[in-house]
Amino acid sequence: MKKSPVKTIVAIGIGAALFFVLGRFVSIPSPVPNTNITIQYGLLGFMAVLFGPIAGVLIGLIGHFLIDLSWGYGIWWSWVIASGVFGLLMGLAGTRLKLGEGEFGGKGIAVFNVSQVISHLICWVVVAPILDILMYAEPANKVFLQGLVGGAVNIVTTAVVGTLLCLAYAATKPKKGSLKEEK
Amino acid sequence: MINIFNYVDRPSPIHRLTGATKLVCLLLWTFAAMSTYDTRLLIAMAVLSLILFRISKIRVKDVSFLLVLMTTFMVLNNLLIFIFSPQHGVSLYGASHPVFRITERYTVTQEQLFYHLNLVLKYLATIPAVILFVCSTNPSEFAASLNRIGVKYTIAYSVALALRYIPDIQKEYHEISQAQQARGIEMSRKQNLIKRLKSASAILIPLILSSMDRIDTISNAMELRGFGKNRKRTWYMARPFRTADFIAMAVCALLLAAAIVLNVVNGSRFWNPFT
Amino acid sequence: MNEPIIEFKHFGFQYNAQAEPTLYDIDLTVRKGEKIVIVGPSGCGKSTLAHCINGLIPFALPGESTGTVTVAGKPTKEQGIFELSRTVGTVLQDSDAQFIGLTVAEDIAFALENDCVREPELHERVRKAADMVALSSHLLHAPSDLSGGQKQRVSLAGVMVDDVEVLLFDEPLANLDPATGKTAIELIDEIHEQTGAAIIIIEHRLEDVLHRNVDRIVLMDRGRILADMPPDELLSGPLLSENGIREPLYLAALKYAGVAVTPDMRPSSIRTLKLGENEKRAVSDWFHSVPIPPEPEPQPYLLRAQHVGFTYESGHKALRDVSVDIRRGEMLAIVGTNGAGKSTFSKVVCGFERQQEGEVTFTGCDWASLSLKERADHVGYVMQNPNQMISKTMIFDEVALGLRTRKVPEEEIRPRVEDALRICGLWPFRNWPVSALSFGQKKRVTIASILVLDPEMIILDEPTAGQDYRHYTEIMEFLRDLNAKGVTVVLITHDMHLMLEYAPRAVVFSAGRVLADDSSAAILTDPEIIAAASLKETSLYDLALLCGVDDPRAFVQRFIDHERREARQP
Chain A
2 MKKSPVKTIV AIGIGAALFF VLGRFVSIPS PVPNTNITIQ YGLLGFMAVL FGPIAGVLIG
62 LIGHFLIDLS WGYGIWWSWV IASGVFGLLM GLAGTRLKLG EGEFGGKGIA VFNVSQVISH
122 LICWVVVAPI LDILMYAEPA NKVFLQGLVG GAVNIVTTAV VGTLLCLAYA ATKPKKGSLK
182 EEK
Chain B
32 MINIFNYVDR PSPIHRLTGA TKLVCLLLWT FAAMSTYDTR LLIAMAVLSL ILFRISKIRV
92 KDVSFLLVLM TTFMVLNNLL IFIFSPQHGV SLYGASHPVF RITERYTVTQ EQLFYHLNLV
152 LKYLATIPAV ILFVCSTNPS EFAASLNRIG VKYTIAYSVA LALRYIPDIQ KEYHEISQAQ
212 QARGIEMSRK QNLIKRLKSA SAILIPLILS SMDRIDTISN AMELRGFGKN RKRTWYMARP
272 FRTADFIAMA VCALLLAAAI VLNVVNGSRF WNPFT
Chain C
451 MNEPIIEFKH FGFQYNAQAE PTLYDIDLTV RKGEKIVIVG PSGCGKSTLA HCINGLIPFA
511 LPGESTGTVT VAGKPTKEQG IFELSRTVGT VLQDSDAQFI GLTVAEDIAF ALENDCVREP
571 ELHERVRKAA DMVALSSHLL HAPSDLSGGQ KQRVSLAGVM VDDVEVLLFD EPLANLDPAT
631 GKTAIELIDE IHEQTGAAII IIEHRLEDVL HRNVDRIVLM DRGRILADMP PDELLSGPLL
691 SENGIREPLY LAALKYAGVA VTPDMRPSSI RTLKLGENEK RAVSDWFHSV PIPPEPEPQP
751 YLLRAQHVGF TYESGHKALR DVSVDIRRGE MLAIVGTNGA GKSTFSKVVC GFERQQEGEV
811 TFTGCDWASL SLKERADHVG YVMQNPNQMI SKTMIFDEVA LGLRTRKVPE EEIRPRVEDA
871 LRICGLWPFR NWPVSALSFG QKKRVTIASI LVLDPEMIIL DEPTAGQDYR HYTEIMEFLR
931 DLNAKGVTVV LITHDMHLML EYAPRAVVFS AGRVLADDSS AAILTDPEII AAASLKETSL
991 YDLALLCGVD DPRAFVQRFI DHERREARQP
């Protein structure tokens, strides 16, 4: 069954809204006192795998852009773009999975997590810091360390939250084979 | 919660500009402020943005929350840069005029201070402009504006959908989270990080699954009302450009041009008073 | 007779994902300007039939079809979903999902924008459509500022801007309180008269739809049309009750009284109903013959809320001086309009929100110091939509969740979960994934996941929303059994039938205050309370008046007592 283009548009809109709500209002306490971590990249990984690279890149861009806009600290384009790239890469990885049909087993978990680790590393250790240096002329060691810390946190949150979301979604798809009532 | 983007509806010349104009200006303005480290231009832009703020009739108390955030962010970022790279200014400006010494590594130089000054000016030139955009642009106009500046209307509409459903999703998250907490799910520090993330997922899963249903229903509703049938669409909230719109865009274009010219004239993005 | 606008001929349909067809051999003609109602239990194919009319089938939901459907003289297959949308306007059940604009005006304009309609025509047509549904003063309001009824009117205006010839309503009453539902039916009727469009209403709340005239009722079951006849005829026969559709209450009462209902009595509405002297006497005699059940012994207080006041951070004062006492073993309804304070009250009881004034005591102990989680050991809260509560894939794990977070040892968890599953009738499915269950079964899973914590009281938010009569009865009878086992049950609801049939007592909230606290029969026969709480007078009351019964309030009570004793089986 081909996916209707309108459905992708709606998925981008709702995905960006979810990304925004998670990134802006939902934070869980981190091991470092007085800091919180957010979990929107687990969601983005899941949505990108399910709806494809175009949806992935746009959910990342729009969601992150709206978060920056609402905080009022200016639009940090380098990081907005990095979020988009993460969505893009996970969307490409998603073409190797059949999450939409409800398949997400051991192989799915492996592909999802290997892809998310590589994608996060590309985004936060390569794309974001390089853009920071090019756009904002910030010192290299600072931006790379920031990227490394941010990337590591995102890898952990995506591993847990993203994987659980994919598993839960796959479980809602009807499976072939019969279920019997038991006495 | 309703007004997450702090839109303040007040009649002012800035409010009367179309959303598309303001979006173009925001882009030109932030790119200008981003590309240059020329202190003179940054000062000019910072002053100009404060004047615009006056004109827009937006009061400090409307945005006090944003200002506090912005100041914190600015201080933190400057501090981080100094800690990581106390001689960044020296390498940028190719000279070293020590002012005082904390340790060998942390010798404060005029160049470093000047670099930080430029950073602060950059914030002052950019952030008021972003806040101004946020406070003076009706979210309803936003999607129409994106379409006007060349973004495909389908994609522009997905931004409108995001803005439309953020409050609904926020409310739903809140309700789900309360019901799950009653069942004993918690995300406090009492548990280790992985457990906390799993708890967060227990709240997220119902939210995401019901959002998937929502996507199906909304896309049916949109198709039934003809979304996507033509290559173009009109917008109820779109307004025609007036003279003021063209002037505003021209001024911002000039600023970006100035930034580029100065970068060429200075031979780099930095205006260097030290050599 | 007018020419046909919609024609089904030997039409059948099977979704790609399903093993059996959903529709078999449908023959149905709707003529221009007709008004018809389609009724049938869940899964009978009525929504699928609607999708075939508006083009979602076959264009968005693929499957195999046989026979033909023509709309406006042309097979739907040869039209696209867009072409069809010019003839057929659809108002979906979920008005939040249909409301896609950021404001009322933008949402009404949506279809016109997609048609590239320009200024000044665009604004003009939006204004006109808004006028028809009396929303022209709300054009710049956001959906969050509107009530459910207003959102539905926006949806209606949004499809009427296109001058459609058919208006299709998918369960228009599902999310509305009784008074708003009544207004909605009146509005649909006015629009029918003004525009002359054909109206198709899919709904299982038949009595409420029949508040205004309809031409025909189409009864469906298991993918087939069982009846297609004028309402007076259908209501006189046994077909409705045989096929799981709830009859209007006044007809049920007539049947209890042994009156044979015939088409010439005009039974389609209480307003048109004509009864002879003999029938009236029969009703009156029946009333006097129903025995009065003994008053139950008052039990000790379980929960007492005294002078509770609560104000949201936004400054909205949601509760003012609210005092409610709930006794052990009660089954009680909390009713009122949206925003009247009934949800806030239950949130305060559960500890989701903390009251600023007054106190809540439970079995005599002050509850102020108890956390959300601690209160949940005594009072469980079941959300309206089970999908918003279920976070585990397997039923067992879902029900066990609350025990596991409370660090109950695993060997104790198993028997407790199994008990809860047995009570909720889920034992045969204990090893199933949640996704294999129906909506009603999922609801039971959420109830089981609360019951497993062994609370003395459970609060359910709209326990039967969106359920057909069979599932409604199933869920409610289950809750009644639970109540008989000693669990105190609080029902937050809009549904007047539910209130009448299952809750001996009801507390009415209005503007943050307790407006009334009385028997459900008394409340639903008191015009002042009915108006303030956006309820609707029950047709039993009108029947009592019609038959000259001396005490109409007692009549309503007697009807409930009778039904309860008959212990209707689903």
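Protein chains in written order, with this note's numbering: chain A, 2 to 184; chain B, 32 to 306; chain C, 451 to 1020. All residues carry an ideal CB built from backbone N, CA and C; glycine is no exception.
For Thr61/B and Tyr922/C, what's the separation of their Cα atoms in angstroms?
58 Å
Under 8 Å, do Asn178/B and Leu150/B count as touching if we go by C-beta distance?
no
Please compile the residues from chain C whose C-beta is within a distance smaller than 9 Å of the C-beta of Ala218/B.
Reading off the sequence shown, one finds Met at residue 218/B, where the question assumed Ala. What Met218/B touches in chain C: nothing, since even the nearest Cβ is about 12 Å away.
Could you round the C-beta distance between Lys986/C and Met946/C to whole angstroms and report it? I think they count as a contact, below 8 Å.
6 Å
Ala783/C in three-state terms, based on DSSP
strand
With a CB to CB cut of under 7 Å and the five nearest residues on each side skipped, what residues in its chain are close to Ala818/C?
Glu809
Compare the beta carbon distance of Glu453/C and Lys482/C with 8 Å and say whether it is the shorter of the two.
yes
Compare the Cα-Cα distances from Met715/C to each of Leu685/C, His588/C, Ile973/C and Ala677/C and report the closest residue.
Leu685/C
Compute the distance between the beta-carbons of Ile63/A and Ile13/A, then report whether it is under 8 Å.
yes
Which one or two residues does DSSP pair with Ala487/C in a beta bridge?
Per the sequence shown, the amino acid found at residue 487/C is Val instead of Ala. Per DSSP, Ile651/C and Ile667/C.
What whole-angstrom Cβ distance do Val611/C and Ala579/C have, given they're in contact under 8 Å?
4 Å
Which partner residues does Gly759/C have in the DSSP bridge list?
Glu807/C
According to DSSP, is Ser969/C helix, strand or coil?
strand
Which of the three DSSP states, helix, strand or coil, is assigned to Ile503/C?
helix
Please report how far the alpha carbon of Ser899/C lies from the alpha carbon of Arg856/C, in whole angstroms.
13 Å
Under a three-way DSSP split, which group does Lys842/C fall into?
coil
For Ala956/C, list the residues DSSP reports as bridge partners.
Ala783/C and Asp968/C
Between Ser5/A and chain C, is any beta-carbon pair separated by less than 8 Å?
yes
Chain B partners of Arg866/C, CB-CB under 8 Å?
Those within 8 Å of Arg866/C in chain B number zero; the least Cβ separation is about 14 Å.
Residues sharing a beta bridge with Asn881/C, DSSP
Beta-bridge pairing links Asn881/C to no other residue.
Given that Val554/C touches chain B, what residues does it touch there, using C-beta distances under 8 Å?
Per Cβ cutoff of 8 Å: no residues; Val554/C is ~11 Å from chain B at best.
May I ask which residues mark the beginning and end of the alpha helix (DSSP H) holding Ile873/C?
Glu860 to Ile873
Verify the CB distance criterion: does Glu563/C have a CB-CB separation below 8 Å to chain B?
yes
Tell me which residue opens and which closes the beta strand (DSSP E) that Arg481/C is part of.
Leu473 to Arg481
Distance between beta carbons of Val604/C and Gly639/C, contact taken as under 8 Å:
Strictly speaking, residue 639/C in this sequence is Asp, with Gly absent from that position. The pair is not a contact, with the Cβ atoms about 19 Å apart (cut-off 8 Å).
Answer with buried or exposed for His766/C, where buried requires no fewer than 16 other C-beta atoms within 10 angstroms of its C-beta.
exposed
Of all the CB atoms in chain A, is at least one closer than 8 Å to the CB of Met65/B?
yes
Check the Cβ-Cβ distances between Arg214/B and every residue of chain A, and say whether any is below 8 Å.
no
How would you list, in chain order, the residues of chain B whose beta-carbon sits under 7 Å from the beta-carbon of Cys874/C?
Those within 7 Å of Cys874/C in chain B number zero; the least Cβ separation is about 16 Å.
Using Cβ-Cβ distances below 9 Å, what residues of the region 133-155 of chain A are close to chain B?
Met136, Tyr137, Ala138, Glu139, Pro140, Ala141, Asn142, Lys143, Val144, Leu146 and Gln147
Exposed unless 16 or more other CB atoms sit within 10 angstroms - verdict on Val162/A
buried
Could you pull the DSSP bridge partners for Gln464/C from this structure?
Glu514/C
Using a C-beta cutoff of 8 Å, does His119/B count as contacting chain A?
yes
What is the DSSP secondary structure of Tyr68/B, counted as helix, strand or coil?
strand
In whole angstroms, what is the alpha-carbon distance linking Ala555/C and Glu574/C?
11 Å
How long is the line joining the alpha carbons of His65/A and Pro512/C, rounded to whole angstroms?
35 Å
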